[in-house]
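Trainee: Mind looking over this structure? Questions follow.
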Amino acid sequence: MFFTNSLVYSPPQFAKIQQKRREIRVDNSLFSSSINFILSFSPNRKETSASPSFAPTSGLLRFALQNWCHLLISGAFVISSLHVNDIAYAIDKSKAISKYPCEEIGTYYKNLEGLVGVDLAKRLNSIVSPHHSIPYKEVWEAINILDAADFEHPETSHEVIEIYTQRVVSKQLAGKPEGWNREHLWPRSYGLQKGPARTDLHNIRPADVNVNSARGNKYYGECSTTSTRCLRPATHEAAPDTESDHDKWAPPFQVRGDIARSLMYMAICYGFNQSDGTPYLQLSNSPSLGRHEMGLLSSLLKWNELDPPSKSEKIRNERVCSKFQHNRNPFIDHPEFVNLIWGSFSQTNSNLSPLLSNDTPIEFQKNNKLNSEKLIYQYGLLVGIDILYLP
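Numbering (numbering that gives the first Met the number 0), first residue to last: 0 to 390.
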């Protein structure tokens with residue numbers, strides 16, 4: 000059962016007759032609300048119309064069914080035919096949507112003025128962490144919408160775009176050995192075994208089954224210039240501009256920034272206050288399975304600068320928010336937040352290795368002709384900048 004603003008079925012062969020009215024009250028302890036059904040009975044036909052009204056006691060249940068709805072139930076009237084469970088499911092989804100609305104960018108990010116480093120990271124966490132989490136089995140359909148080949152008409156598109164091949168493939172090949180599956184950009188083995196982090200759509204993309212297997216749980220980064228084990232492309236089925244060695248994986252150029260911003264989102268959303276027991280996620284230049292640290296941070300910073308958010312990436316972010324999770328990726332809306340939290344690639348590319356696992360503030364000196372900058376890091380986050388202007 001589902002509700003719209005007006006869902007009425009009236010068989011044309013029945014004439015209108017005088018109806019009696021009765022009120023049934025249904026109290027559901029799951030919600031701070033009571034549901035009143037105004038039932039209209041027709042004595043000479045097996046139909047019942049029901050009009051639910053809601054009297055919320057909290058401000059969380061402001062959703063689309065604020066107006067009267069009319070529901071006609073055909074057949075002999077039985078209380079169970081109201082499908083209270085279905086009603087509760089509809090209300091629950093509506094409550095989630097109301098509690099975590101998809102706000103405009105201008106109002107979504109509040110009270111951020113002057114914040115940098117850990118302070119900015121924690122504030123963003125408080126904004127993006129409360130969100131609606133979908134069941135894992137529903138991720139397939141979400142990907143069909145979010146990564147549709149025709150991103151302007153996703154519902155009618157018959158294909159999706161694979162993240163590592165950039166090929167257009169049929170939606171019908173989802174989960175098949177010759178098709179595509181759900182790729183976690185931040186690998187599940189790095190701390191995504193349970194909870195909302197496992198199904199977060201900002202982190203999941205369609206990927207060719209074989210290419211996904213070849214990537215495994217390698218962290219992101221480019222081969223060193225002296226590497227003799229670098230594969231280009233990363234595997235023969237991957238895009239030509241991919242590369243890989245025994246522990247690193249570099250995706251196609253056109254999605255490197257997308258992936259960097261996805262991982263940065265994960266580090267912010269799940270890097271603090273994990274009440275469900277999910278490990279804290281962090282970015283590092285020394286990735287570690289045991290510490291749930293993903294990377295390479297220096298490569299991600301570089302990719303964020305070289306590959307800014309595209310139109311399709313912004314649309315995907317908007318749809319994750321409006322259709323599914325009701326939260327946004329702040330680094331797509333504001334790529335400049337990256338440098339305010341982790342520093343820029345040019346500032347940190349040679350000094351990141353010890354940062355994430357060290358709770359003692361670490362200082363780096365950066366000098367030029369005009370000033371001397373002291374960059375202060377703690378847990379891999381930029382916590383302060385001291386600037387000494389030179390005479």
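Here a beta-carbon is modelled for each residue, glycine too, at the ideal position from N, C-alpha and C.
(1) Does arginine 204 come out as helix, strand or coil in the three-state DSSP assignment?
(2) Helix, strand or coil for serine 48, going by three-state DSSP, please let me know.
(3) Excluding the 5 residues preceding and the 5 following asparagine 124 in the sequence, name in chain order all residues of the same chain whose CB lies nearer than 6 Å to its CB.
(4) Where does alanine 148 fall in DSSP's three states?
(5) My guess is that glutamate 161 and tryptophan 179 are in contact by the Cβ rule of under 8 Å, so how many angstroms apart are they, rounded?
(6) For the alpha helix (DSSP H) holding isoleucine 340, just list the boundary residues, first then last.
(7) Taking the straight line between their C-alpha atoms, what separation do you get for arginine 122 and leucine 111?
(8) At the level of alpha carbons, what is the spacing between isoleucine 331 and proline 176?
(9) Can you find a heavy atom of the ligand NAD that lies under 7 Å from the Cβ of histidine 245?
(10) Tell whether a beta-carbon distance below 8 Å holds between serine 321 and phenylalanine 150.
(11) Does glutamine 165 come out as helix, strand or coil in the three-state DSSP assignment?
(12) For histidine 82 and asparagine 143, what's the separation of their Cα atoms in angstroms?
(13) Nearest-angstrom Cα distance between valine 337 and lysine 136?
(14) Is it right to say serine 243 is buried, meaning 16 or more other beta carbons lie within 10 angstroms of its own, or is it exposed?
(15) Using DSSP's beta-bridge definition, name the partner residues of glutamine 281.
(16) Is it right to say histidine 157 is buried, meaning 16 or more other beta carbons lie within 10 angstroms of its own, or is it exposed?
(17) Quick test of the definition: if touching needs 3 or more C-beta pairs under 8 Å, does the stretch 162 to 174 touch the stretch 242 to 262?
(18) Just to confirm my understanding: we take lysine 313, look at its own chain, exclude 5 residues before and 5 after, and list those with CB closer than 7 Å. What are they?
(19) Relative to the C-alpha of glycine 342, which candidate in Tyr107, Glu102, Cys101 and Val117 has its C-alpha closest?
(20) Check the DSSP bridge columns for alanine 235 and list the partner residues they point to.
(21) Leucine 296 and serine 283 look like a contact to me (Cβ under 8 Å); what is the Cβ gap, rounded to whole Å?
(22) Under the three-state reduction of DSSP, which class applies to asparagine 110: helix, strand or coil?
(23) By DSSP, does arginine 181 sit in helix, in strand, or in coil?
(24) Check this for me: beta carbons of serine 128 and histidine 201, under 8 Å apart or not?
(25) Report the option in Gly113, Asp246, Asp240 and Gly174 whose CA atom is closest to the CA atom of serine 226.
(26) Taking histidine 291 as the reference, which of Leu339, Asn211 and Asn216 has the closest Cα?
(27) Among Arg181, Leu191, Thr224 and Cys229, whose alpha-carbon lies nearest the alpha-carbon of aspartate 207?
(28) Would glycine 256 be called buried (16 or more neighbouring beta carbons within 10 Å of its own) or exposed?
(29) Consult DSSP for lysine 247 and reduce its assignment to one of helix, strand or coil.
(30) Determine the direct distance from the alpha carbon of serine 169 to that of serine 287, and round the result to whole angstroms.
(31) Does glutamate 127 come out as helix, strand or coil in the three-state DSSP assignment?
(32) Please state whether DSSP places glutamate 314 in a helix, a strand or coil.
Mentor: Well, looking at it:
(1) In this structure, DSSP gives arginine 204 an extended state, which the three-state scheme calls strand.
(2) Caution applies to serine 48, whose pLDDT of 39 falls short of 50 and renders its modelled position unreliable; the model cannot decide the point.
(3) Annotation for asparagine 124: Ile267 and Phe271 place their beta carbon closer than 6 Å to its own, counting only its chain and skipping 5 residues before and after.
(4) Assigned with DSSP and collapsed to three states, alanine 148 falls in coil, not helix or strand.
(5) Indeed they touch by this definition, with Cβ atoms about 6 Å apart.
(6) Residue range 335 to 341 is occupied by the alpha helix (DSSP H) that includes isoleucine 340.
(7) Rounded to the nearest angstrom, the two C-alpha atoms are 7 Å apart.
(8) If I take the Cα positions, the gap works out to 33 Å.
(9) Looking for the ligand NAD in the displayed structure turns up nothing, as the structure carries no ligands at all.
(10) Their beta carbons are not under 8 Å apart, which means serine 321 does not touch phenylalanine 150 by this criterion.
(11) The DSSP-derived three-state label of glutamine 165 is coil.
(12) With a pLDDT of only 36 at histidine 82, under the threshold of 50, the placement of this residue in the model should not be trusted; the figure read from the coordinates follows. Cα to Cα, the separation comes out at about 30 Å.
(13) Here the alpha carbon of valine 337 sits roughly 32 Å from the alpha carbon of lysine 136.
(14) With 16 or more other Cβ atoms within 10 Å, it is buried.
(15) Partner(s): Glu292.
(16) Exposed.
(17) Three or more Cβ pairs closer than 8 Å define a contact, and the stretch 162 to 174 meets that threshold against the stretch 242 to 262.
(18) Residues Ile331 of the same chain have their beta carbon placed closer than 7 Å to that of lysine 313, with the five preceding and five following residues left out of the count.
(19) Closest by alpha carbon: Val117.
(20) A small fix is needed here, since residue 235 is histidine in this sequence, not alanine. For histidine 235, which the question treats as bridged, DSSP gives no partner whatsoever.
(21) Going by Cβ atoms, the distance from leucine 296 to serine 283 rounds to 6 Å, so yes, they are a contact pair.
(22) In the structure shown, asparagine 110 adopts coil according to DSSP, grouped into three states.
(23) Strand.
(24) Their beta carbons are not under 8 Å apart, which means serine 128 does not touch histidine 201 by this criterion.
(25) Selected option, being the one with the closest Cα: Asp246.
(26) For histidine 291, the nearest C-alpha among the options comes from Asn216.
(27) Nearest neighbour of aspartate 207 by Cα position, chosen from Arg181, Leu191, Thr224 and Cys229, turns out to be Arg181.
(28) By the C-beta density criterion, glycine 256 is buried, having at least 16 other C-beta atoms within 10 angstroms.
(29) Looking at lysine 247 - three-state DSSP - the assignment turns out to be strand.
(30) Between serine 287 and serine 169, the C-alpha separation is close to 36 Å.
(31) The sequence shown places valine at residue 127, rather than the glutamate named in the question. Correct three-state label for valine 127: helix.
(32) Position check: residue 314 holds isoleucine in this sequence, whereas glutamate was assumed. Of the three classes helix, strand and coil, the one that applies to isoleucine 314 here is helix, per DSSP.
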